[in-house]
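Following my numbering, the numbering of the sequence shown begins with 16 at its first residue and continues without gaps. Where a beta carbon is used, it is the ideal one built from N, C-alpha and C, also for glycine. Take a look at the structure set out below.
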Amino acid sequence: MILNYTCAVLMIFGVIFFVGVFLGVSRFPDCYCRSHASAKSDTLSTALFILAIAIYVLNKGSIDALQVTLKLFLIIAFVAVASPTASHALLNAAYVAGLKPWQKEKEDDSGI
Numbered sequence: 016m017i018l019n020y021t022c023a024v025l026m027i028f029g030v031i032f033f034v035g036v037f038l039g040v041s042r043f044p045d046c047y048c049r050s051h052a053s054a055k056s057d058t059l060s061t062a063l064f065i066l067a068i069a070i071y072v073l074n075k076g077s078i079d080a081l082q083v084t085l086k087l088f089l090i091i092a093f094v095a096v097a098s099p100t101a102s103h104a105l106l107n108a109a110y111v112a113g114l115k116p117w118q119k120e121k122e123d124d125s126g127i
């Protein structure tokens with residue numbers, strides 16, 4: 016019973032971080048800021064979802080459940096390494112291609 020609530024809480028936090036990804040991607044001004052929002056929160060929310068699934072499966076208590084849980088932890092490790100690496104590669108390619116980062120517009124001296 017408590018493990019079911021733990022799984023539900025982990026999934027709720029995963030959804031909250033996915034909403035953060037949505038807001039970051041839709042509201043930030045350039046690809047660098049958007050990618051930062053999506054890469055960090057997406058990795059964490061995916062890990063939370065998979066962790067909730069692993070806890071739920073491990074609750075069964077069989078050898079097969081243990082094997083599935085170990086595979087899920089390997090998936091979490093892969094996502095934790097691959098997602099930031101891919102994000103960095105994409106942003107590096109954008110920078111090499113000459114895409115300039117967004118800068119806040121400066122106020123002119125007239126004060127208008």
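Using the beta-carbon count (16 or more within 10 Å), is Ser77 buried or exposed?
Position 62 of the sequence shown, counting from 1, holds the residue named residue 77. By the 10 Å Cβ count, Ser77 comes out exposed.
Looking at C-beta atoms only, is the number of pairs between the region 91-102 and the region 39-48 that lie closer than 8 Å three or more?
Segments in contact, no.
Specify whether the region 22-34 and the region 65-74 touch according to this definition: at least 3 beta carbon pairs, one from each stretch, less than 8 Å apart.
At 8 Å Cβ cutoff, the stretches touch.
Sort Ser41, Ala52 and Ile70 by Cα distance to Cys22 and report the nearest one.
Translated into the one-based positions of the sequence shown, residue 22 becomes position 7. The residue with the shortest Cα to Cα distance from Cys22 is Ile70.
Give me the residue from Gly39, Asn19, Gln82 and Phe43 with the minimum Cα distance to Lys119.
In the sequence shown, residue 119 corresponds to position 104, counting from 1. Cα-wise, what sits closest to Lys119 is Phe43.
Thinking just about the alpha-carbon of each residue, which of Val111, Leu59, Leu73 and Pro116 is nearest to the one in Asn19?
Mapped onto the sequence shown, residue 19 falls at position 4. Checked all of Val111, Leu59, Leu73 and Pro116; the closest Cα to Asn19 is Leu73.
Could you tell me whether the Cβ of Lys55 comes closer than 8 Å to any Cβ of chain C?
Included in the structure is just one protein chain, with no chain C present.
Whole angstroms are fine: how far does the CA of Val111 sit from the CA of Ser60?
Walking along the sequence shown from the start, residue 60 turns up at place 45. Walking along the sequence shown from the start, residue 111 turns up at place 96. Each residue's alpha carbon lies about 30 Å from the other.
Have a look at Leu81, Trp117 and Thr100 and flag the residue whose alpha-carbon is nearest the alpha-carbon of Lys55.
Here residue 55 corresponds to residue number 40 of the sequence shown, with the count starting at 1. Residue Thr100 is the option with its Cα nearest to Lys55.
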